[in-house]
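**Student:** If you're matching them up, the sequences are chains A and B in order.
Convert by adding 23 to the 1-based position in the first sequence; the result is the number in the numbering used here.
Convert by adding 3 to the 1-based position in the second sequence; the result is the number in the numbering used here.
Cβ atoms here follow ideal geometry from the backbone N, Cα and C, with glycine treated the same way.
Just dropping this structure here.
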Amino acid sequence: MMKPSRSGMLALPGAALYAALFLLPMVALGIESLRLFTPGRVGAAPDAPFTLLNYAELLEPGFRRFFFTTLRVSFVTTVVGLAIAFPLAYRIVRSFSSRWRAIAIGGLVTFIFLSAVVKTYAVELSLGSVGPVAPLLRAVGLSANNSTYIEFVVGAGLLQFIIPIAALTLIGSIQNLDPRLVEAAQSLGAPTWKSHLSTTLPLSVQGLLAAFLLSFTFAISAFVVPMILGKGRVQFLSNMIYNRFSEVANYPSGAAISLVTLVVCFATIYLVTRLVTARAQARGEG
Amino acid sequence: MLEVRNVTKHFGATVAADAVSFTVAQGEIVSLLGPSGCGKTTTLRLIAGFERPDSGEIRIGGRDVTGTRPYERNVGLLFQHYALFPHMTVRDNVAYGLRHRGWPKAEIPDRVSAMLGLVKLQGLDARLPAKLSGGQQQRVALARALATEPAVVLLDEPLSALDAKLRHELRVEIKEILRSVGSTTIIVTHDQEEAMGMAARIIVMEKGRIRQVGSPDDIYWRPGNRFVAGFVGRSNWFVGRAAGAGGGSPTLSTLTTEDGFELRVAAPNGRAGAIYDVGIRPERLEIVSPGAAPAADETLIVGTVLDVSPLGAERHIVLRLPAGGQLTVIQPNRAAAAPGTGETVTVRARAADWMVLPREGESSGV
Ligand SMILES: Nc1ncnc2c1ncn2[C@@H]1O[C@H](COP(=O)(O)OP(=O)(O)OP(=O)(O)O)[C@@H](O)[C@H]1O
Ligand SMILES: [Mg+2]
Numbered sequence: 024m025m026k027p028s029r030s031g032m033l034a035l036p037g038a039a040l041y042a043a044l045f046l047l048p049m050v051a052l053g054i055e056s057l058r059l060f061t062p063g064r065v066g067a068a069p070d071a072p073f074t075l076l077n078y079a080e081l082l083e084p085g086f087r088r089f090f091f092t093t094l095r096v097s098f099v100t101t102v103v104g105l106a107i108a109f110p111l112a113y114r115i116v117r118s119f120s121s122r123w124r125a126i127a128i129g130g131l132v133t134f135i136f137l138s139a140v141v142k143t144y145a146v147e148l149s150l151g152s153v154g155p156v157a158p159l160l161r162a163v164g165l166s167a168n169n170s171t172y173i174e175f176v177v178g179a180g181l182l183q184f185i186i187p188i189a190a191l192t193l194i195g196s197i198q199n200l201d202p203r204l205v206e207a208a209q210s211l212g213a214p215t216w217k218s219h220l221s222t223t224l225p226l227s228v229q230g231l232l233a234a235f236l237l238s239f240t241f242a243i244s245a246f247v248v249p250m251i252l253g254k255g256r257v258q259f260l261s262n263m264i265y266n267r268f269s270e271v272a273n274y275p276s277g278a279a280i281s282l283v284t285l286v287v288c289f290a291t292i293y294l295v296t297r298l299v300t301a302r303a304q305a306r307g308e309g
Numbered sequence: 004m005l006e007v008r009n010v011t012k013h014f015g016a017t018v019a020a021d022a023v024s025f026t027v028a029q030g031e032i033v034s035l036l037g038p039s040g041c042g043k044t045t046t047l048r049l050i051a052g053f054e055r056p057d058s059g060e061i062r063i064g065g066r067d068v069t070g071t072r073p074y075e076r077n078v079g080l081l082f083q084h085y086a087l088f089p090h091m092t093v094r095d096n097v098a099y100g101l102r103h104r105g106w107p108k109a110e111i112p113d114r115v116s117a118m119l120g121l122v123k124l125q126g127l128d129a130r131l132p133a134k135l136s137g138g139q140q141q142r143v144a145l146a147r148a149l150a151t152e153p154a155v156v157l158l159d160e161p162l163s164a165l166d167a168k169l170r171h172e173l174r175v176e177i178k179e180i181l182r183s184v185g186s187t188t189i190i191v192t193h194d195q196e197e198a199m200g201m202a203a204r205i206i207v208m209e210k211g212r213i214r215q216v217g218s219p220d221d222i223y224w225r226p227g228n229r230f231v232a233g234f235v236g237r238s239n240w241f242v243g244r245a246a247g248a249g250g251g252s253p254t255l256s257t258l259t260t261e262d263g264f265e266l267r268v269a270a271p272n273g274r275a276g277a278i279y280d281v282g283i284r285p286e287r288l289e290i291v292s293p294g295a296a297p298a299a300d301e302t303l304i305v306g307t308v309l310d311v312s313p314l315g316a317e318r319h320i321v322l323r324l325p326a327g328g329q330l331t332v333i334q335p336n337r338a339a340a341a342p343g344t345g346e347t348v349t350v351r352a353r354a355a356d357w358m359v360l361p362r363e364g365e366s367s368g369v
């Protein structure tokens with residue numbers, strides 16, 4: 024057996040603390056999710072029998088819809104967010120003077136930490152049913168209460184967070200790119216956009232992956248944005264979890280949804296990372 | 004083939020190119036020589052289209068390309084640090100230009116093989132650039148730049164990242180390749196030996212301006228100004244005042260230095276009293292036996308040996324002159340005994356070997 028190294032020993036207290044703070048509640052959540060719930064109670068009875076009912080329930084169409092809405096809106100918003108954040112980050116790195124770059128980065132950081140509620144209500148005021156966009160919608164025969172439109176507004180709300188998060192993540196990886204690669208591609212006859220497509224983009228894969236995962240997991244677990252902008256018509260998993268725990272006090276069901284959400288997050292991270300690194304390896308060997 | 008006409012480019016307050024004009028003929032290899040920061044890379048980037056000139060015009064093959072984009076110009080560029088695509092194999096790096104310049108798909112593999120053969124990299128086509136040595140990367144960059152048969156090839160310090168021995172080998176090889184391809188080429192370098200070894204014509208730049216254009220011999224033996232003379236090779240300099248024309252010969256005149264030497268030089272056509280910079284290459288000085296009488300076109304200078312350095316093929320001898328100045332003499336390092344330190348020696352200079360330049364800033368009386 025391997026002898027634990029000194030640095031391994033040093034990591035022990037941290038690991039123990041982490042286990043206590045993260046894993047124990049998770050185990051508690053896991054146990055709760057397997058208990059049978061009796062309506063009218065707050066949480067499951069301590070001696071309630073074990074069951075898989077709380078998970079089986081999630082397969083019903085009514086529940087499945089929450090998962091699909093959350094994943095769909097999160098995915099589309101993340102992709103749109105990256106498409107906006109990437110050129111933004113590129114501009115900040117390549118075209119800004121060092122002073123303006125510092126200001127832009129500071130601005131993005133500030134924007135992330137600006138109160139979520141404030142940002143979300145700002146979106147509601149501009150895109151919601153009383154905002155300046157509403158009359159335009161009515162003019163083309165759309166209602167601000169149309170659920171597709173509400174999904175769009177929720178997406179707009181999420182972008183307030185995703186764009187700065189993704190841009191900051193990407194700035195780092197773009198800074199590591201050799202600017203002459205694009206020029207080399209251009210001097211070999213590739214128009215600017217093709218030059219970026221064949222150099223900047225593939226060489227930013229790691230950064231894009233990181234930005235995607237951060238943005239996507241942020242979106243999946245979003246709470247305030249869909250609560251305020253969704254108007255009850257578009258609800259995310261977090262909203263349902265909250266609803267289960269605090270409104271109907273069905274702790275076992277809330278716990279089951281929480282764990283499934285967690286698994287979905289991990290599965291996404293795993294799959295996307297596998298996909299991207301497999302492609303990168305294929306390229307490297309080809 | 005390539006014409007650069009009166010091109011000026013500013014970066015803020017710095018002038019990176021100041022009214023630069025030159026032409027390069029079809030198939031000619033020209034070198035752009037100058038100290039770091041003098042605007043060599045900027046000049047190449049202007050020709051390649053990565054910078055827009057503030058004023059002036061650039062023509063390639065008779066066509067005005069001043070306003071066109073880099074990919075619309077048929078210019079092959081080898082970057083100062085190669086800029087190979089790190090995520091593409093050697094083969095894909097070389098094929099990149101062929102794909103984007105519209106070569107028939109079926110011909111690309113053969114063309115890539117031919118280029119890799121030309122730069123002696125057969126068998127490495129599936130490697131990534133990171134797994135190549137510096138010299139190999141350099142060859143890939145050259146193959147990539149030449150693959151599409153560009154009208155003009157620009158090489159930015161193609162050898163600066165390599166060690167001395169490899170540099171020498173590759174210099175000869177690149178010259179061979181460029182000649183066999185017959186490409187019109189500009190090679191940028193701050194190494195005079197590289198410039199003289201690779202190009203038939205040298206453009207010397209300083210602070211964004213062209214100071215002289217000429218053959219390697221012109222630049223070395225007939226520098227147009229103090230900057231060129233000082234930048235290319237070593238030389239001993241004096242400041243001399245013209246004593247007036249004649250001195251018994253229509254082709255010779257005498258310049259009196261501040262130290263009181265009377266230098267016999269080829270007549271600079273100056274009026275009496277004009278001030279000149281007069282210099283001589285150390286290898287043109289010859290140590291003679293003391294007491295020899297100078298011919299009409301010779302000057303004898305006496306000094307004390309301060310230092311002798313045997314540097315392999317040649318021997319550098321530094322003399323202290325009576326007035327305090329120094330004079331360097333370079334001799335072939337043959338069997339003939341070197342003078343000892345402290346010895347007094349006589350050095351002979353021939354009139355034709357002096358470089359005589361009107362003092363910069365003074366209006367010469369031509
Ligand atoms: N993009 C730029 N922005 C601002 N100044 C620049 C830029 N590019 C070049 N310069 C300035 O223009 C001058 C010429 O630079 P250039 O790179 O052409 O020199 P160089 O002769 O290639 O030097 P080196 O031998 O060091 O490569 C320098 O003073 C440099 O600082
Ligand atoms: Mg340079």
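Cβ of B/Q195 versus every heavy atom of ligand 2: is any distance shorter than 7 Å?
**Tutor:** No, ligand 2 has no heavy atom inside 7 Å of this Cβ.
**Student:** Apply the 10 Å Cβ neighbour rule to B/R174 and answer buried if 16 or more other Cβ atoms are within range, or exposed otherwise.
**Tutor:** Looking at its Cβ environment, which holds 16 or more other Cβ atoms inside 10 Å, B/R174 is buried.
**Student:** What are the boundary residues of the beta strand (DSSP E) that includes B/E289?
**Tutor:** Here the beta strand (DSSP E) through B/E289 covers 289–291.
**Student:** Nearest to B/G40 by alpha carbon, out of B/I190, B/S218, B/K210, B/R72?
**Tutor:** It is B/K210 whose Cα lies nearest to the Cα of B/G40.
**Student:** So does B/T44 have its beta carbon nearer than 7 Å to some heavy atom of ligand 2?
**Tutor:** Yes, Cβ of B/T44 sits closer than 7 Å to a heavy atom of ligand 2.
**Student:** Hey, quick one: how far does the beta strand (DSSP E) through B/S256 stretch, first residue to last?
**Tutor:** From DSSP, the beta strand (DSSP E) with B/S256 extends over 255–260.
**Student:** Who are B/I304's beta bridge partners in DSSP?
**Tutor:** B/I304 is bridged to B/V350.
**Student:** So who's on the other strand from B/A269, going by DSSP bridges?
**Tutor:** B/A269 pairs with B/L255.
**Student:** In chain B, which residues lie less than 7 Å from A/Q209 when you measure between Cβ atoms?
**Tutor:** In chain order: P73, Y74.
**Student:** Please list, in chain order, the chain A residues whose beta carbon lies closer than 9 Å to that of B/V78.
**Tutor:** Here the neighbours are S210.
**Student:** Of all the options B/L124, B/H319, B/V305, B/T192, which has the alpha carbon lying nearest to the alpha carbon of B/E160?
**Tutor:** Checking every option, the nearest Cα to that of B/E160 belongs to B/T192.
**Student:** Anyone know if the C-beta pair for A/A312 and A/L81 falls short of 8 Å?
**Tutor:** Chain A is shown only over 24 to 309; residue 312 of chain A falls outside these bounds and no answer can be derived.
**Student:** Contact check, B/T259 vs B/V311 under 8 Å by CB: the rounded distance?
**Tutor:** About 30 Å; that fails the 8 Å criterion.
**Student:** Determine whether the beta carbon atoms of B/A275 and B/T257 lie at a separation below 8 Å.
**Tutor:** Contact: no.
**Student:** Are there any heavy atoms of ligand 2 lying less than 7 Å away from the beta-carbon of B/E160, as far as the coordinates show?
**Tutor:** Yes; taking the cut-off as 7 Å, the Cβ of B/E160 has a heavy atom of ligand 2 nearer than that.
**Student:** Between the region 40–58 of chain B and chain A, which residues of the former have a C-beta closer than 9 Å to a C-beta of the latter?
**Tutor:** From the region 40–58 of chain B, only R48, A51, G52, F53 have a Cβ closer than 9 Å to chain A.
**Student:** Given a cut-off of 8 Å on the beta-carbon distance, is the pair B/R323 and B/L309 in contact?
**Tutor:** For B/R323 and B/L309, yes; Cβs fall inside 8 Å.
**Student:** Report the three-state DSSP secondary structure of B/Q29 (helix, strand or coil).
**Tutor:** The answer is coil: DSSP assigns B/Q29 none of H, G, I, E or B.
**Student:** Under 7 Å Cβ-Cβ, which residues of chain A neighbour B/H193?
**Tutor:** Neighbours of B/H193 on chain A: none; closest Cβ ~19 Å, over 7 Å.
**Student:** Alpha carbon to alpha carbon, how far is B/L49 from A/A242?
**Tutor:** Approximately 46 Å between the Cα atoms of the pair.
**Student:** Drop a sphere of 10 angstroms on the beta-carbon of B/M52, count the other beta-carbons inside from all chains shown, and report buried for 16 or more, exposed for fewer.
**Tutor:** It should be pointed out that residue 52 of chain B corresponds to Gly in this sequence rather than to Met. Flag for B/G52 reads buried.
**Student:** If we count Cβ pairs, one from each stretch, closer than 8 Å, do we get three or more for the region 284–302 of chain B versus the region 339–355 of chain B?
**Tutor:** Output reads yes: the region 339–355 of chain B touches the region 284–302 of chain B.
**Student:** Any residues in the region 194–208 of chain A with a beta carbon nearer than 8 Å to a beta carbon of chain B? Which ones, in chain order?
**Tutor:** Listed in sequence order: D201, R203, L204, E206, A207, A208.
**Student:** Would you verify that the beta carbon of B/H103 is, or is not, closer than 8 Å to some beta carbon of chain A?
**Tutor:** With 8 Å as the cut-off, B/H103 counts as an interface residue toward chain A.
**Student:** Along the region 224–237 of chain A, where does the CB come closer than 8 Å to a CB of chain B? Name the residues.
**Tutor:** From the region 224–237 of chain A, only P225, L226 have a Cβ closer than 8 Å to chain B.
**Student:** With distances taken from CA atoms, which of B/D220, B/I177, B/M199 is nearest B/M358?
**Tutor:** Considering only alpha carbons, the answer is B/D220.
**Student:** Within 10 angstroms of the Cβ of A/M32, are there 16 or more other Cβ atoms? Answer buried if so, exposed if not.
**Tutor:** With fewer than 16 Cβ atoms within 10 Å of its Cβ, A/M32 is classed as exposed.
**Student:** With 7 Å as the C-beta to C-beta threshold (strictly closer), list the residues of the region 125–151 of chain A near chain B in chain order.
**Tutor:** Against chain B - using a Cβ distance shorter than 7 Å - the region 125–151 of chain A contributes no residues.
**Student:** Based on the DSSP secondary-structure assignment, which residues constitute the bridge partners of B/M358?
**Tutor:** Answer is B/G282.
**Student:** Please report the Cβ distance between B/I180 and B/V122, rounded to the nearest whole angstrom; I am assuming they are in contact, meaning their Cβ atoms lie under 8 Å.
**Tutor:** The Cβ separation is near 7 Å, so the contact holds.
**Student:** When the distance is taken between beta carbons, is B/A86 closer than 8 Å to B/M118?
**Tutor:** Taking 8 Å as the Cβ cut-off, B/M118 and B/A86 do not qualify as a contacting pair.
**Student:** Looking only at its chain, what residues have a beta carbon closer than 6 Å to the beta carbon of A/T300, apart from the 5 residues adjacent to it on each side?
**Tutor:** Cβ neighbours of A/T300 beyond the five flanking positions: none.
**Student:** Taking the alpha carbon of A/T19 as the point to measure from, which residue in A/I280, A/L232, A/F134 has its own alpha carbon closest?
**Tutor:** The shown model of chain A, from 24 to 309, leaves out residue 19 of chain A, and the question about it has no answer.
**Student:** Have a look at B/P335 and B/E196 and give me their C-alpha separation to the nearest angstrom.
**Tutor:** Approximately 19 Å, taken between the alpha carbons.
**Student:** What did DSSP end up calling A/S152 once you bin it into helix, strand or coil?
**Tutor:** Of the three classes helix, strand and coil, the one that applies to A/S152 here is coil, per DSSP.
**Student:** Could one say the Cβ of A/T74 lies closer than 8 Å to chain B's Cβ atoms, at least one of them?
**Tutor:** No, its Cβ sits nowhere closer than 8 Å to a Cβ of chain B.
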